[in-house]
Structure formats: structure tokens, C-alpha cells
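Below is one structure, written out as C-alpha cells; comments come after it.
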Amino acid sequence: MSDLSTRPYLIRAIYEWCTDSGLTPYLAVRVDEHTEVPRAHVKNGEIILNLNGDAVRNLQIGNEMITCTGRFGGVPFELMVPVAAVIGIFAKETGQGLVFQGSEPQQPPPAAPGSDGGAKPVPHKPNLKIVK
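Add 9 to a position in the sequence shown, counting from 1, and you land on the number used in the numbering used here.
Structure below.
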């Protein structure tokens, strides 16, 4: 089984769909100590980044990190976002896109003989907020 995450592939797919459709790709990010974004623009530990070609330069969506240069208040800033910190990617105009639930799913440990192993976690409903 592969250890590759599906998250960066899905991010690239929605980004490409947005640009091909003439829509503005927005990236919702959970900010932590590994995320390099202008802290003045972080609200409630999150930031929404406009990934449109007019808004950023040198965008690279790698398997581990998303990097680019963006301007905030006219000042250029080098952005570094771990793929694991991405909450979702969506089109500004329509809100269509993907929201990721928590971290990458892990393989469950094998059930011990005699254990029921039938307890399933309660799924959390994803939510999006409108950014204007």
C-alpha cells in the first residue's frame, strides 16, 4: 500500500478546475507554527489565500508543501503552507470545491481476536464560510 497522501493531488485537481473554468481558487488554511503566512491576516487561527495567477507568483503545489509569493497590503510575502494544514480549496465565485476533514485517514489497527472492533467514529459535518 502506498504512503502517498491524496490531499495534494485533490488540491491540484480543484486548483486546475478553477483556473480552467475562469474561477478564482481560494485556499483555506489552518495556521500553526509550520505555516508561514502574514500573521496580521490570520483570523481564529485560519487564513484564506487567493491563489489566482494575478494574486500570487511562482505557485508550487507539492506533495508536502505549497509555496508562492503573495502581496499583502502591497508588501510581498513568501508563503509556505504545509499540505496537511489545508482545510479546503474552493472557487470564490461559486463556493464549489473540497473541504478536508481533520488529518489524513490512518489505517485502523488490526482487530484483536475476540474484540468486536465495530465501533465507528461519528463523522463531523464540514462547514464552509463565505469570504468576501
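The C-beta atom is built at its ideal place from N, Cα and C for all residues, glycine as well.
{"query": "Just checking, does the region 63-73 make contact with the region 104-111 on the three C-beta pairs under 8 Å criterion?", "result": "no"}
{"query": "Are the CB atoms of Val38 and Val95 within a distance shorter than 9 Å?", "result": "yes"}
{"query": "Would you mind reading off the limits of the beta strand (DSSP E) that contains Ala37?", "result": "Pro34 to Arg39"}
{"query": "Per DSSP, what are the beta-bridge partners of Gly174 in this structure?", "result": "No information on residue 174 is available, as it lies outside the stretch 10 to 141 that the chain covers here."}
{"query": "Please report the distance separating the alpha-carbon of Ala120 from that of Ala93.", "result": "In this prediction, Ala120 has a pLDDT of 48, which is less than 50 and means its spatial position is unreliable; nothing more can be read from the coordinates."}
{"query": "In three-state terms, what does DSSP make of Pro47?", "result": "coil"}
{"query": "Can you name the start and end residues of the alpha helix (DSSP H) that Ala22 belongs to?", "result": "Arg16 to Asp29"}
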